[in-house]
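Read the structure below first, then the notes.
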Amino acid sequence: MTKLVEFTRTRRSGLSRYIWILWIAALGAAIVFPFVVDRPRFWLPNIGVRSLWLGIIAMSLVFLNRYIGLLSLAQATIAGISAYGVGYMMVTRGQGFFVAVPVGILAGTLAGFLVALIAARTKAIYFLMITLALGQVFYSYASQAIEVTNARRGLAPIIKPNLGFIDLGTITSFYYFALALAVICYLLCRFVAATTFGLALQGIRDSPERMSALGYKINRYRIAAITFAAFIASIGGVVLVFDRAQVDPNVVSLGSTLDILVVAVIGGIGSLGGVFIGAIIVTMLDNFAQDFTDRYMTLTGIVFIIVLLFAPAGIGGIGKQARRVIDRRRKDTTPAVMESPQQEPSAALPTDEAITKGKQQ
Amino acid sequence: MDQFLLIALNGLTLAAVYFLVASGLTLIFGLMRVISMAHGMSYLLGGYIGYEIVRQTGNWILGALGAAIAVGLLGLFIHQVLIRRFQDDDMRVALVTLGISLIGTDLMLAVFGGTATQVPIPKDFQIGLDLPVIGQYPLIRLLILAVAIVVGVGLTLFINKTRFGSIVRAGVDDSQMTSATGVNVRLVFGLIFLLGSALAAFAGVVGGTLFPLLPGQDGSYLLFSLVVVIVGGMGSVPGAAIGAVLVGLVSQFALVYAPTYSLVLTFALMVIVLAVRPQGILGRAS
Chain Z
440 MTKLVEFTRT RRSGLSRYIW ILWIAALGAA IVFPFVVDRP RFWLPNIGVR
490 SLWLGIIAMS LVFLNRYIGL LSLAQATIAG ISAYGVGYMM VTRGQGFFVA
540 VPVGILAGTL AGFLVALIAA RTKAIYFLMI TLALGQVFYS YASQAIEVTN
590 ARRGLAPIIK PNLGFIDLGT ITSFYYFALA LAVICYLLCR FVAATTFGLA
640 LQGIRDSPER MSALGYKINR YRIAAITFAA FIASIGGVVL VFDRAQVDPN
690 VVSLGSTLDI LVVAVIGGIG SLGGVFIGAI IVTMLDNFAQ DFTDRYMTLT
740 GIVFIIVLLF APAGIGGIGK QARRVIDRRR KDTTPAVMES PQQEPSAALP
790 TDEAITKGKQ Q
Chain V
2 MDQFLLIALN GLTLAAVYFL VASGLTLIFG LMRVISMAHG MSYLLGGYIG
52 YEIVRQTGNW ILGALGAAIA VGLLGLFIHQ VLIRRFQDDD MRVALVTLGI
102 SLIGTDLMLA VFGGTATQVP IPKDFQIGLD LPVIGQYPLI RLLILAVAIV
152 VGVGLTLFIN KTRFGSIVRA GVDDSQMTSA TGVNVRLVFG LIFLLGSALA
202 AFAGVVGGTL FPLLPGQDGS YLLFSLVVVI VGGMGSVPGA AIGAVLVGLV
252 SQFALVYAPT YSLVLTFALM VIVLAVRPQG ILGRAS
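For the record, the sequence lines run as chains Z and V. Taken in order, the first sequence gives residues 440 to 800; the numbers are from this note's numbering. Taken in order, the second sequence gives residues 2 to 287; the numbers are from this note's numbering.
Right under this line is the structure:
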């Protein structure tokens with residue numbers, strides 16, 4: 440196992456030697472964001488906070504796609520269930536922040552576990568369809584169960600509380616609260632991926648038969664990974680519910696599911712941090728496209744398809760894609776160099792970042 | 002008892018519409034191993050085109066044919082331009098078609114508006130038929146049931162008995178060998194995409210005759226046809242028929258006996274089938 444870690448590290452170090460500078464810059468930009476924009480009351484909620492929760496939920500989708508090769512369309516629903524959990528405890532039960540939030544996260548994670556039990560046996564396109572359908576089960580439940588979800592009218596108002604040490608009621612501190620959660624989620628995903636558990640997941644993604652022969656219970660690993668991703672999505676749901684100040688069936692509709700997918704694909708379906716770029720692009724389109732066209736969805740769809748056709752690794756993967764093209768050019772001009780056996784691992788690289796190709800029998 | 006039969010018959014006629022939509026989806030999947038997420042859009046677009054043609058000409062059959070041809074050609078265009086290059090990458094096809102349906106939904110809302118429309122039918126067909134036990138039942142619903150049965154039998158024969166059908170099956174099993182024997186496999190797959198989209202559009206005209214056409218239905222019919230093919234077994238036309246009947250019956254009975262949770266129960270059917278038989282009722286195990 441240690442060998443494998445070393446191998447991964449050496450493989451990455453060449454590519455991402457300077458990537459941390461980019462990360463510090465992005466984080467710095469995110470921190471000073473409230474002070475440099477001209478109209479904070481517009482930018483902070485509409486672009487900032489919204490990008491952050493879209494990004495967190497999309498990150499859970501990317502985590503599943505990158506580390507176990509499954510594309511889940513249930514992440515928006517799981518975030519919605521977490522949001523409903525918070526809303527139910529706060530509005531119907533009259534509980535406070537510190538009761539409602541754990542209940543919400545627990546509800547979302549549990550929902551993810553149930554989804555995993557049903558869907559973990561299936562693969563590729565089946566998994567996509569089943570998670571989509573399960574999401575719609577909850578949508579139809581949410582829009583009808585008047586005693587729990589208050590049907591179409593939803594649960595409101597869900598007020599951002601003053602926690603004493605931080606007043607979430609002011610938009611700037613709520614933005615930092617969301618930013619902190621996003622950073623924690625990102626680090627958590629990275630951490631889990633680097634543990635032996637994460638490495639086993641990647642092994643299962645690449646060759647389930649071999650891992651199964653090595654004695655790994657691959658279904659249990661898949662279920663655990665889907666549950667973990669549900670936990671991340673649930674945190675996104677908590678930010679979502681306080682941002683919207685209410686929760687209604689729209690949160691778990693087909694449209695919201697597609698929003699998350701679009702964010703993940705545009706940002707880069709293989710890049711955990713890229714989702715935030717995708718989220719910013721989508722929220723910007725949403726807010727500014729109206730100025731010159733009514734057909735905002737058409738525009739989003741076109742961007743979505745263009746990204747899929749020309750940059751399947753998304754915006755977050757464009758750098759690597761370009762580098763690969765340059766490498767290939769170089770390979771063509773100096774073929775003798777490429778004969779050395781050290782270059783072998785790079786062959787496995789492209790699949791890592793792009794959309795995991797469905798394997799079907 | 003007669004209420005029971007009436008619900009069952011309603012369920013069967015609803016199943017007829019579900020089958021028509023799902024048959025196109027299962028046909029494309031069975032032969033190309035990809036899922037077209039734009040299938041719901043083809044349904045709704047077909048319904049709208051059929052509505053316009055029938056309103057202009059007053060001829061229902063012309064409307065159904067026109068819609069099928071127009072949307073079929075659109076499907077062929079989408080396949081040739083956007084899908085063909087990575088046809089064996091099912092995830093990417095699913096995502097690209099999802100993007101297409103995102104655009105289609107928005108454009109249809111712009112062109113046809115948000116109000117409900119229904120495809121008109123000739124006066125002669127707007128009558129009830131006296132059935133034993135049940136009593137009066139709308140003739141048009143029975144006709145649609147018959148149409149669905151004819152289409153289902155026709156499709157099965159087409160795939161299993163004709164030369165084109167055998168070429169298609171060969172292309173699925175080994176496309177390289179098939180093209181080595183001189184068959185233009187790309188053309189065959191394009192034609193299947195055309196046929197699948199045309200079936201969805203035809204289903205749209207049929208469905209638009211029974212129920213109103215509304216924005217958002219593209220999503221719900223895509224979901225229902227996904228549930229139907231998952232329950233029945235992906236790629237199997239008889240499986241789609243069984244799946245459609247089950248989904249139609251469950252949703253209609255649930256609508257009467259547990260109205261609040263009818264949709265939930267319909268999806269619960271899918272979950273149960275998956276738990277017992279992950280490949281669907283008539284699906285081949287992988």
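All residues carry an ideal CB built from backbone N, CA and C; glycine is no exception.
Legend entry - Endpoints, the alpha helix (DSSP H) within which residue 729(Z) is located: From DSSP, residue 729(Z) is part of no alpha helix (DSSP H); its letter is neither H nor E.
Legend entry - Collapsed DSSP secondary structure at residue 258(V) in the structure displayed: It is helical.
Inset, instruction - Sort 192(V), 153(V), 150(V) and 147(V) by Cα distance to residue 169(V) and report the nearest one. - result: Closest by alpha carbon: 192(V).
Legend entry - Exposure label - residue 213(V); buried when at least 16 CB within 10 Å: With a threshold of 16 other beta carbon atoms within 10 Å, residue 213(V) falls short and is exposed.
Inset, instruction - Given a cut-off of 8 Å, decide if residue 702(Z) and residue 690(Z) are closer than it, judged by their beta-carbon atoms. - result: No, the pair does not count as a contact, with Cβ atoms beyond the cut-off.
Inset, instruction - Using a cut-off of 7 Å between C-beta atoms, extract the partners of residue 279(V) located in chain Z. - result: Within 7 Å Cβ-Cβ: 560 and 561.
Legend entry - Separation of residue 210(V) from residue 142(V), as counted between CA atoms: Their backbone Cα atoms lie some 9 Å apart in a straight line.
Inset, instruction - Compare the C-beta of residue 583(Z) with all C-beta atoms of chain V and state if any pair is closer than 8 Å. - result: It does: the Cβ of residue 583(Z) has a partner Cβ on chain V nearer than 8 Å.
Inset, instruction - Could you say which of 259(V), 257(V) and 244(V) lies nearest to residue 280(V) if we only look at CA atoms? - result: Answer by Cα proximity: 244(V).
Legend entry - Euclidean distance between Cα positions of residue 103(V) and residue 737(Z): C-alpha separation (whole angstroms): 7 Å.
Inset, instruction - Using alpha carbons as the reference points, say which of 523(Z), 576(Z) and 486(Z) lies closest to residue 263(V). - result: Selected option, being the one with the closest Cα: 576(Z).
Legend entry - Burial state of residue 521(Z) (16 or more Cβ within 10 Å): By the C-beta density criterion, residue 521(Z) is buried, having at least 16 other C-beta atoms within 10 angstroms.
Inset, instruction - Would you kindly check if the distance between the Cβ of residue 518(Z) and the Cβ of residue 598(Z) is under 8 Å? - result: No, they are not a contact pair.
Inset, instruction - Use the C-beta contact count for residue 457(Z): other C-beta atoms within 10 angstroms, 16 or more gives buried, fewer gives exposed. - result: Residue 457(Z) comes out exposed.
Legend entry - Enclosing alpha helix (DSSP H) for residue 139(V) [first to last residue]: No alpha helix (DSSP H) holds residue 139(V); the beta strand (DSSP E) holding it covers 136 to 139.
Legend entry - Length of the line joining the Cα atoms of residue 468(Z) and residue 462(Z): Approximately 10 Å between the Cα atoms of the pair.
Inset, instruction - Specify, as a first and last residue, the run of the beta strand (DSSP E) that residue 132(V) falls within. - result: Residue range 129 to 132 is occupied by the beta strand (DSSP E) that includes residue 132(V).
Legend entry - Entirely enclosed beta strand (DSSP E) segments - the stretch 445 to 515 of chain Z, minimum 3 residues: The stretch 445 to 515 of chain Z contains no whole beta strand (DSSP E) run of 3 or more residues.
Inset, instruction - Check the Cβ-Cβ distances between residue 498(Z) and every residue of chain V, and say whether any is below 8 Å. - result: The beta carbon of residue 498(Z) does not come within 8 Å of any beta carbon belonging to chain V, so the residue lies off that interface.
Legend entry - Environment of residue 58(V) [buried if 16+ CB atoms lie within 10 Å]: Result: exposed.
Legend entry - residue 736(Z): contacting residues in chain V (beta-carbon distance under 8 Å): Within chain V, the residues near residue 736(Z) are 103, 104, 106 and 107.
Legend entry - Contacting residues, own chain, Cβ-Cβ under 6 Å from residue 242(V) (five flanking each side not counted): Excluding sequence neighbours, residue 242(V) sits near 20 and 153.
Legend entry - Cα-Cα separation between residue 542(Z) and residue 570(Z), rounded to whole angstroms: Going by the C-alpha atoms only, they are around 23 Å apart.
Inset, instruction - Determine, using beta-carbon pairs with one atom in the stretch 660 to 675 of chain Z and one in the stretch 548 to 564 of chain Z, whether at least three such pairs fall under 8 Å. - result: Proximity of the stretch 660 to 675 of chain Z to the stretch 548 to 564 of chain Z meets the contact definition, three or more beta-carbon pairs being nearer than 8 Å.
Inset, instruction - Rounded to whole angstroms, what's the CA-CA distance from residue 219(V) to residue 603(Z)? Just pull it up for me. - result: C-alpha separation (whole angstroms): 48 Å.
Inset, instruction - Could you tell me whether the stretch 91 to 102 of chain V touches the stretch 27 to 36 of chain V, using the rule of 3 or more Cβ pairs below 8 Å? - result: Three or more Cβ pairs closer than 8 Å define a contact, and the stretch 91 to 102 of chain V meets that threshold against the stretch 27 to 36 of chain V.
Legend entry - Unbroken alpha helix (DSSP H) run spanning residue 560(Z), endpoints: In the DSSP assignment, residue 560(Z) falls outside any alpha helix (DSSP H) and carries neither an H nor an E.
Inset, instruction - Using 10 angstroms around the beta-carbon of residue 513(Z), count the other beta-carbons present and answer buried if the total reaches 16, otherwise exposed. - result: With 16 or more Cβ atoms within 10 Å of its Cβ, residue 513(Z) is classed as buried.
Inset, instruction - Compare the C-beta of residue 141(V) with all C-beta atoms of chain Z and state if any pair is closer than 8 Å. - result: No, residue 141(V) does not count as interfacial toward chain Z.
Inset, instruction - List the residues of chain V that residue 510(Z) touches, going by C-beta distances under 9 Å, in chain order. - result: By Cβ distance, chain V contributes 92, 95 and 96.
Inset, instruction - Can you give me, in chain order, the residues of the stretch 568 to 579 of chain Z that have a beta carbon less than 8 Å from any beta carbon in chain V? - result: Listed in sequence order: 568, 569, 571, 572, 573, 575, 576 and 579.
Legend entry - Distance, residue 52(V) Cα to residue 118(V) Cα: Taking the straight line from one Cα to the other gives about 8 Å.
Legend entry - Counted within 10 angstroms of its Cβ, other Cβ atoms place residue 459(Z) as buried (16 or more) or exposed: Result: exposed.
Inset, instruction - With DSSP collapsed to three states, give me the class of residue 195(V). - result: Helix at residue 195(V).
Inset, instruction - Return the residues of the stretch 202 to 230 of chain V that lie within a Cβ-Cβ distance of less than 7 Å from chain Z, sorted by chain order. - result: Residues 220, 224, 227 and 228.
Inset, instruction - Using a Cβ-Cβ cut-off of 8 Å, state whether residue 275(V) counts as contacting chain B. - result: You won't find chain B in this structure, because its protein chains are Z and V.
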